[in-house]
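Chemist:
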Amino acid sequence: MKLNKSIKYLSGTLMLSAGLMMTSCEFLDIVPPEQAGLEDATENANATEGFLYSCYSNVKSLCGYADHNNSLNSGAMADEFALPEIWGEQALRFSYDLITPSDGVQFWNYNYKYIGQIHLFLENLQKAKGITEAQRSEWEAEAYFLLAYYHFQVLRAYGPCPITESRIPQETPSESYGGRVHYDGVTNWIVDILDKKVIEGYKLPTERDTNTRGRATHAIACALKARVLLYAASPLWNGGFPYKDWKNKVTSSYGDVDYGYELVSKTYDPQKWERARIACEEALKEAKIAGHRLYGTVESDLNFSETKGITLDKLYVPGENITDDFKKRVLMLRWMVTSRQTEGNFEYVWGVSDDNDYTPYDCMMPYRLLLLNNGNYKEGYNSYSPFLGTIERFYMADGQFLDTKRTDLLERAGITDPNREDIIKLCVDREPRFYAWMAFDQGDWGTLVANGSAKRLELKDSEEQGFDNGGTHYRNHCVTGFLAQKFVRPDRKYDSSGNGNWGEKYQRPLIRMAELYLNLAECYAMQDNVTEALKNLNAVHERAGLPAITEADIQASGRTLMEWVQNERFIELYGEGHRHYDVRRWMIAPEVLKEGVREGLNAETIVNPTFEEFNQRIKVDQPYRWSTRMYIAPILQSEIGKNTNLVQAPGY
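Residue numbers (the numbering used here): 1 to 652.
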């Protein structure tokens, strides 16, 4: 079958953003990967570049963030937020340990589909017409970057996986496909691809212009390498994998190492942390060279709301003596995850831009946000509900951990405003990120969303955002008594006519500077280098408006340095697709994901509860559980049937 002369464009177009900048390029739909005649796809520079764009298309589908459908990245899959059980999403079934090989996650086949696509592109790139050698070299490096990226996506979700070094013909017999390769072998192969094909010689540009932003850069490639090595050094893959007798069906090797039938190393190797540290140092250095920096570290970032005409009185923070500087910090943190590079935001090393409001924006939005002139409401699904444990993880305003043993946390805080007298002590005197990204009963959601004002939440009132027990919002309701508002731009706005600025492209992070600092802090913490660990940890902690963490703080807290790093990572990267993998690679999942540990307020059992009825700590009434097999995902049985050399994940 021959490829059509004109390659079909995606409806709506996929758009990627590396620095929160809109790109004017349309990203092409998938070129069918098993076509015989592809000369039309490389007949000129535009066609060849379009073919390359098609190889990027899977990047968007791998972005989890607060996505409830994307079960392997979803915060609902971990311990970040709850969804209504009635939704029945795959993320919920995964967190209930109900996923089986017959209905497993599609990541495996999606990624290998695009890996085949990339090899097809590389085969045809060499005979592409009308391009310069410089273009050929750069586009080849981009393709190899994506090859490494998609292999890593499989590796972190499924564990040891096949290495596909060239396109496999469609007629290949099932017994001729390669089996899984040892985790260390896949890691080394990915790193070698990045080093030799992408990083060495600076084959990719330092930064992208408006038309190509979102495509790989040198800094992005270095950041990916650092993340790959960080995962490989982590306890799960560095001697801690619980299934010690899990064997491959075939032997595997890479380079000079023959792994035999072993798939995961059984012994701890501290050198893996050193290797990861070096890569993390390089990634941070190259990101800085490319002009990236932590947002909020210059005065213009803190004053950006003023340039948008947003005055500080638009932001409500409960408590006495709330300063203007504190409010500026809260607004800055909202801009940090939503503003663009053209607006002065250089935080994002790599990001994706999406015009689909459905996830996560509409799912976080409360219902009855604004009464419209036609008598209907502008509203969302009111359903992304942070667990009580999430709320408790945010620091106090002085940078210390919340004392969860306090018995008065769910009592009234004594707010003098009669419209907010039910705000509880748990939600007062917290750090700026708490007020930037979380939302609570009688607190505000958004900044200008409701005709130029924030929306005050009434999570106990069934006529507002409260539980209505099978009424109008029987499917969509707040599960825990809290809502989230991360990724909501401060200038997001709707008016009573139903007009608004929701058509603007929506920014979501793939790699941020904060992650690079926290990756490096983790490496130093695991090497017992307290000084360097705190230096990098505090870069993020202080940017959030908190005092620097000291060794004395660590000793007084009764927590280890690594626990401080893990907590900072939970808060800073909340809803960005990291937590699912973090709790597994650290091997703390049995503790934080086990049955009975996910809690909330009493928000979904009583219609119009009293203050006392609502503000009770209860277990979320869903069948969450953890079993050891949940460390990695099962391969779909249909894929096992296609490749008889594949061994299924243990426990499935």
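Ideal Cβ placement from N, Cα and C applies to all residues, glycine included.
#1: DSSP three-state call for V620: helix, strand or coil?
#2: Determine the burial state of V620: buried for a count of at least 16 other Cβ atoms within 10 Å of its Cβ, exposed for fewer.
#3: Please return the same chain residues whose Cβ sits closer than 8 Å to the Cβ of S496, not counting the five positions on each side in sequence.
#4: Please classify L194: is it buried, with 16 or more other beta-carbons within 10 angstroms of its beta-carbon, or exposed?
#5: What do you reckon, are the CB atoms on P318 and W445 nearer than 8 Å?
#6: Which runs of the alpha helix (DSSP H) fall wholly inside the segment 479 to 540 and span at least 4 residues, in chain order?
#7: Can you list the alpha helix (DSSP H) stretches of 4 or more residues lying completely in the segment 263 to 297, in chain order?
#8: Could you give the DSSP three-state label for L10: helix, strand or coil?
#9: DSSP three-state label for A548, please.
#10: With a threshold of 16 other CB atoms inside 10 Å of the CB of I278, please say whether the residue is buried or exposed.
#11: Using the Cβ count rule (16 or more neighbours within 10 Å means buried), how would you classify P84?
#12: For R617, which of A216, Q170, G389, H119 has the nearest alpha-carbon?
#13: Which two residues bound the contiguous beta strand (DSSP E) that contains Y254?
#14: Helix, strand or coil for W445? Go by DSSP, reduced to three states.
#15: Going by the beta-carbon positions, is the gap between T42 and N124 smaller than 8 Å?
#16: Between which residues of its own chain and V250 is the CB-CB distance below 6 Å, once the five residues before and five after are set aside?
#17: For the pair the segment 293 to 300 and the segment 430 to 438, tell me if three or more CB-CB distances fall below 8 Å.
#18: Which residue from T404, N382, R136 puts its Cα closest to that of S676?
#19: Would the segment 404 to 417 and the segment 522 to 530 be scored as touching if the rule is three or more Cβ pairs under 8 Å?
#20: Does the Cβ of K247 have 16 or more other Cβ atoms within 10 Å, making it buried, or fewer, making it exposed?
#21: Less than 8 Å between the C-beta atoms of P160 and V181, yes or no?
#22: Going by the CB atoms, is the gap between P623 and P101 shorter than 8 Å?
#23: Going along the chain, which unbroken runs of the alpha helix (DSSP H) with 4 or more residues stay wholly within the segment 301 to 357?
#24: For G309, does the count of other Cβ atoms within 10 angstroms reach 16, so buried, or fall short, so exposed?
#25: Have a look at V264, T206, D245, Y231 and flag the residue whose alpha-carbon is nearest the alpha-carbon of A290.
#26: Quick check for students: name the residue ranges of the alpha helix (DSSP H) that lie wholly in the segment 369 to 449, counting only runs of 4 or more.
#27: Examine the ligand GTP and report whether any of its heavy atoms sits within less than 7 Å of the Cβ of N124.
#28: State the start and end residues of the unbroken beta strand (DSSP E) segment that holds S453.
#29: What is the residue span of the alpha helix (DSSP H) that W189 lies within?
#30: Looking at the structure shown, is A82 part of a helix, part of a strand, or coil, going by DSSP?
#31: Kindly indicate the opening and closing residues of the alpha helix (DSSP H) around A148.
#32: When the distance is taken between beta carbons, is I115 closer than 8 Å to R158?
#33: From what residue to what residue does the alpha helix (DSSP H) around S95 run?
#34: Assuming E142 and A216 form a contact by the criterion Cβ under 8 Å, report the distance between their Cβ atoms to the nearest whole angstrom.
#35: Could you give the DSSP three-state label for G50: helix, strand or coil?
#36: For V583, count the other beta carbons within 10 Å of its own beta carbon; 16 or more makes it buried, fewer makes it exposed. Which is it?
Modeler: On the basis of the coordinates in this document:
#1: coil
#2: buried
#3: L370, L371, L372, N373, N451
#4: buried
#5: no
#6: 513 to 526
#7: 271 to 289
#8: Unreliable placement is indicated for L10, whose pLDDT of 26 sits below 50; the coordinate value is still reported in the next sentence. Strand at L10.
#9: coil
#10: exposed
#11: buried
#12: G389
#13: 247 to 254
#14: strand
#15: yes
#16: G179, N645
#17: no
#18: Outside the shown range of the chain, which is 1 to 652, sits residue 676, and nothing can be said about it.
#19: no
#20: exposed
#21: yes
#22: no
#23: 304 to 307, 324 to 336
#24: exposed
#25: T206
#26: 388 to 393, 432 to 437
#27: Looking at this structure, you won't find the ligand GTP or any other ligand, since it has none at all.
#28: 453 to 456
#29: 183 to 193
#30: strand
#31: 133 to 158
#32: Going by the sequence as given, residue 158 is Tyr instead of Arg. Contact: no.
#33: 90 to 95
#34: 5 Å
#35: helix
#36: buried
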